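Chemist: Residue numbers (UniProt numbering), protein chains in the order written: chain E, 1 to 223; chain R, 1 to 223. Backbone N, C-alpha and C define an ideal beta-carbon position, used for all residues, glycine too. All values derive from a computational prediction rather than experimental measurement.
1. Can you tell me where the alpha helix (DSSP H) with residue 58 (chain R) in it begins and where it stops?
2. Going by alpha carbons, who is nearest to residue 76 (chain E) out of E:100, E:59, E:168 and E:68?
3. Measuring straight from C-alpha to C-alpha, what distance separates residue 184 (chain E) and residue 69 (chain R)?
4. Given residue 6 (chain E), which residues of its chain have a CB within under 8 Å of its CB, disregarding the five upstream and five downstream residues?
5. Please determine, among R:51, R:78 and R:49, the residue with the shortest C-alpha to C-alpha distance to residue 61 (chain R).
6. Apart from the five residues just before and just after residue 125 (chain E), which ones in its own chain have a Cβ nearer than 6 Å to its Cβ?
7. Taking only beta carbons into account, state which residues of the region 130-145 of chain E come closer than 8 Å to chain R, listed in chain order.
8. Do three or more CB pairs link the region 146-161 of chain R to the region 185-193 of chain R at distances below 8 Å?
9. Have a look at R:181, R:214 and R:104 and flag the residue whose alpha-carbon is nearest the alpha-carbon of residue 145 (chain R).
10. Is residue 101 (chain R) close to chain E, meaning its C-beta is less than 7 Å from at least one C-beta of that chain?
11. With C-beta atoms as the reference, is residue 212 (chain R) less than 7 Å away from residue 101 (chain E)?
12. Would you check if the distance between the CB atom of residue 168 (chain R) and the CB atom of residue 193 (chain R) is smaller than 7 Å?
13. Whose C-alpha, out of E:82, E:122 and E:98, is nearest the C-alpha of residue 108 (chain E)?
14. Distance cutoff 7 Å, beta carbons only. Does residue 38 (chain R) sit that close to anything in chain E?
15. Unbroken beta strand (DSSP E) runs of length 3 or more, entirely within the region 94-179 of chain E: which are they?
16. Return the chain-ordered list of same chain residues with a C-beta closer than 8 Å to the C-beta of residue 73 (chain E), the five sequence neighbours on each side being excluded.
17. Is there a Cβ of chain R sitting closer than 7 Å to that of residue 105 (chain E), yes or no?
18. Which same chain residues end up closer than 8 Å to residue 217 (chain R) when comparing Cβ atoms and leaving out the 5 residues on each side of it in sequence?
19. Please state whether the Cβ-Cβ distance between residue 43 (chain E) and residue 44 (chain R) is less than 7 Å.
20. Alpha carbons only, please: which of R:87, R:202, R:220 and R:48 is nearest the one belonging to residue 31 (chain R)?
21. I want to see whether chain R comes within less than 7 Å of residue 42 (chain E), judged by CB atoms only; does it?
22. When you compare only the Cα positions, how much space is there between residue 170 (chain R) and residue 164 (chain R)?
23. Start and end of the beta strand (DSSP E) containing residue 34 (chain E)?
24. So with Cβ pairs under 7 Å, would you call residue 216 (chain E) a contact of chain R?
25. Helix, strand or coil: how does DSSP classify residue 87 (chain R) here?
26. Helix, strand or coil for residue 76 (chain R) per DSSP?
27. Would you list the residues sitting across from residue 185 (chain R) in a DSSP beta bridge?
28. Taking Cβ positions only, does residue 31 (chain R) come closer than 7 Å to chain E?
29. Near residue 172 (chain R), what residues of its chain come up, given a Cβ to Cβ distance below 6 Å and the 5 sequence neighbours on each side ignored?
30. Please classify residue 86 (chain R): is it buried, with 16 or more other beta-carbons within 10 angstroms of its beta-carbon, or exposed?
31. What does the Cβ neighbour count give for residue 205 (chain R), buried or exposed, with the cut at 16 atoms within 10 Å?
32. With a threshold of 16 other CB atoms inside 10 Å of the CB of residue 131 (chain E), please say whether the residue is buried or exposed.
33. So, with DSSP's three-state summary, where would you put residue 219 (chain R)?
34. Where does the unbroken alpha helix (DSSP H) through residue 30 (chain E) begin, and where does it stop?
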């Protein structure tokens, strides 16, 4: 990931004096668990639809920071994914064609340098479990085990497992260049991508995943 | 990246018999150079605006594959980025608020397994040079050197160099969680992200970069 070096004392080689001891007691915030998302509404009434969707979503336990480009959501994996399901689902309930660009990240709480001590184990988490949203979504999904921060070993096994989980859930829809297609209830799509990200996160410290989600598209394949 | 294993003979450990000898003669297609993008138009007249933008953009030398989620663009780095500038710029000329979700990828032409021989050198490319689009864009940019495919060494130096290039170009706008902010002419934003991706690509075989671009936002910071 790319970002500013904001403190003179932070370098790629040394841990910031504020870096906590890493272990299972690390909070999601300390471990850099969170999302960025952009909600796009293909409708001239988009301001009302977006504000209404944000209003309806429960933000308990979450940190939200927004600007004109995208919104940051910080918190536990379960809460972050519930929030995304709720905001996107509420926007889709308007009937408008929706696209959501989502980034999930873990293991790199700093900016340019990840600010976790070198050699720290990768920390996974419990898988998320999301109740259905009641709206169909199709998505392109990419999963990125990164060079920064290090790896405990075999990162391909959790990737293969994530694909198998998507097939078992009935939402694996094939692949296109650079991405896997997912198709099903919005909650199932989000859950599959999140749990693939968490699974790889148990082996690789710094993992991101990207989802481009389409709902209510006029060109969507009919069931 | 995540995708289907489509051929029984493709495994993570062996090169497909169709894998060409890798070297500077590899075509962009063989090396897996390309983009996926989703163009979102916050306007009820979005179909006309999107079709019109696609109509205006020169697709010479490019492979395009589209579905309801996102569109694949294959070709040289220069042609792919010119095309993205032209389509997004044309859509923005409508005056509508636009968001574009862009993925650039290199070094993993296969699906689940990258299908380049292990130990193959990372192949960079000449930087792209894009004439201005004449429209302002703000973007969140993330740059991903990946574990798959291998690395020739120091991947952080080209990342730091990419940030410095953004600052020199006057389009570095700070950082937010997980992403760098870029702000300037659409062409300069695309060029900076692409050249950071190409630069890292000279050291790391499999590199992706994501851009979420916002144009004509009603909440955009005024100059």
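Modeler: On the basis of the data shown:
1. Sequence index remark: in the second chain, residue 58 (chain R) carries index 58 (1-based). First-last for residue 58 (chain R): undefined, no H or E at that position.
2. Working through the first chain from its first residue, we reach residue 76 (chain E) at position 76. With distances taken between Cα atoms, residue 76 (chain E) lies closest to E:59.
3. On the first chain, residue 184 (chain E) is found 184 positions in, with the first residue counted as 1. On the second chain, residue 69 (chain R) is found 69 positions in, with the first residue counted as 1. Taking the straight line joining both Cα atoms gives about 13 Å.
4. Locating residue 6 (chain E) in the first chain gives position 6, where the first residue counts as 1. Residue confidence is low: residue 6 (chain E) scores 33 on pLDDT, short of 50, so the model does not pin down where it sits. Its coordinate-derived value is still stated next. 111, listed in sequence order.
5. Counting from 1 along the second chain, the entry for residue 61 (chain R) is found at position 61. Per the Cα distances, R:78.
6. Start at 1 with the first residue of the first chain, and residue 125 (chain E) comes out as number 125. Excluding residues within five positions, the ones whose Cβ falls inside 6 Å are 77 and 198.
7. 138, 139, 140, 141, 142, 143, 144 and 145
8. No: fewer than three Cβ pairs fall under 8 Å.
9. Locating residue 145 (chain R) in the second chain gives position 145, counting from the first residue. Among R:181, R:214 and R:104, the Cα nearest to that of residue 145 (chain R) is on R:104.
10. Locating residue 101 (chain R) in the second chain gives position 101, where the first residue counts as 1. Yes, residue 101 (chain R) lies at the interface with chain E (some Cβ there is under 7 Å from its Cβ).
11. The residue you call residue 212 (chain R) lines up with position 212 of the second chain. The residue you call residue 101 (chain E) lines up with position 101 of the first chain. Result yes, Cβ atoms of residue 212 (chain R) and residue 101 (chain E) sit closer than 7 Å.
12. To locate residue 168 (chain R), count along the second chain from 1; it is residue 168. To locate residue 193 (chain R), count along the second chain from 1; it is residue 193. It is not a contact, given that the beta carbons lie outside the stated cut-off.
13. Position 108 of the first chain holds residue 108 (chain E). Taking only the C-alpha atoms, the option nearest residue 108 (chain E) is E:122.
14. As a position in the second chain, residue 38 (chain R) is number 38, starting the count at 1. It does; some Cβ of chain E falls within 7 Å.
15. 98-106, 136-145 and 172-176
16. Working through the first chain from its first residue, we reach residue 73 (chain E) at position 73. Result list for residue 73 (chain E): 34, 35, 36, 37, 62, 63, 64, 80, 83 and 84, in chain order.
17. Within the first chain, residue 105 (chain E) is the residue found at index 105, counting from 1. Yes - at least one Cβ of chain R is within 7 Å of the one on residue 105 (chain E).
18. Taking the first residue of the second chain as position 1, residue 217 (chain R) is located at position 217. So the list reads 97 and 138, once near-sequence residues are dropped.
19. Here residue 43 (chain E) corresponds to residue number 43 of the first chain, with the count starting at 1. Here residue 44 (chain R) corresponds to residue number 44 of the second chain, with the count starting at 1. Yes, the Cβ-Cβ distance between residue 43 (chain E) and residue 44 (chain R) is below 7 Å.
20. As a working mapping, residue 31 (chain R) is identified with position 31 in the second chain. The shortest C-alpha separation from residue 31 (chain R) is found at R:202.
21. Along the first chain, one-based indexing puts residue 42 (chain E) at 42. Yes, its Cβ sits closer than 7 Å to a Cβ of chain R.
22. Against the second chain, residue 170 (chain R) aligns to sequence position 170. Against the second chain, residue 164 (chain R) aligns to sequence position 164. Straight-line Cα distance between these residues: approximately 10 Å.
23. On the first chain, position 34 is the one that residue 34 (chain E) refers to. Element bounds for residue 34 (chain E): 34-41.
24. Taking the first chain and counting its residues from 1, the one referred to as residue 216 (chain E) is at position 216. Not an interface residue.
25. Translated into positions along the second chain, residue 87 (chain R) becomes position 87. Under the three-state reduction of DSSP, residue 87 (chain R) is assigned to helix.
26. Translated into positions along the second chain, residue 76 (chain R) becomes position 76. Residue state, collapsed to three classes: coil.
27. Locating residue 185 (chain R) in the second chain gives position 185, where the first residue counts as 1. According to DSSP, residue 185 (chain R) shares a beta bridge with R:136.
28. Working through the second chain from its first residue, we reach residue 31 (chain R) at position 31. Residue 31 (chain R) does not count as touching chain E.
29. If you number the second chain from 1, residue 172 (chain R) lands on position 172. So the list reads 166, once near-sequence residues are dropped.
30. To locate residue 86 (chain R), count along the second chain from 1; it is residue 86. Burial call: buried.
31. Within the second chain, numbered from 1, the residue matching residue 205 (chain R) stands at position 205. Per the 10 Å Cβ criterion, buried.
32. For the purposes of this step, residue 131 (chain E) is taken as the residue at position 131 of the first chain. Classification for residue 131 (chain E): exposed.
33. As a position in the second chain, residue 219 (chain R) is number 219, starting the count at 1. Three-state result, residue 219 (chain R): coil.
34. Numbered from its first residue, the first chain carries residue 30 (chain E) at position 30. Residue 30 (chain E) -> alpha helix (DSSP H) spans 28-31.
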